[in-house]
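Quick notes on the structure that follows.
Numbering (this note's numbering), first residue to last: 573 to 650.
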């Protein structure tokens, strides 16, 4: 079973396009779009389990230069 999540990203001013481009290159990221609103980039990611997803967010996504904050929202099927 694959674990999927949306990652809501806030960036430094003027960095959304660059951050989205850099995040798209990360293995496990299926989509990264710069958007308007309270968040600057919305990312869709997937991993084989929750621990791997957490590692993807902390070790890879949050390390992208220009990111100031992330919120991870796992996808659930109720």
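All C-beta atoms in this analysis are idealised placements derived from N, C-alpha and C, irrespective of residue type, glycine included.
Local conformation of residue i per DSSP, three classes
i, result
"residue 589", "helix"
"residue 627", "helix"
"residue 594", "helix"
"residue 622", "helix"
With 16 other Cβ atoms within 10 Å as the buried cut-off, status of residue i
i, result
"residue 638", "buried"
"residue 625", "buried"
"residue 603", "exposed"
"residue 595", "buried"
"residue 608", "exposed"
"residue 583", "buried"
Whether residue i touches residue j by CB criterion (8 Å)
i, j, result
"residue 664", "residue 605", "Nothing about residue 664 can be reported from this structure: the residues present for the chain run from 573 to 650 only."
"residue 620", "residue 648", "no"
"residue 640", "residue 634", "no"
"residue 612", "residue 581", "yes"
Element boundaries [beta strand (DSSP E), containing residue i]
i, result
"residue 632", "Unbroken run through residue 632: none, as it is neither H nor E."
"residue 647", "Premise fails: residue 647 is in no beta strand (DSSP E) and is neither H nor E."
"residue 605", "601-606"
"residue 581", "575-583"
Cβ separation of residue i and residue j, assumed to be a contact under 8 Å, to the nearest whole Å
i, j, result
"residue 578", "residue 632", "Residue 578 to residue 632, Cβ: 16 Å. No contact."
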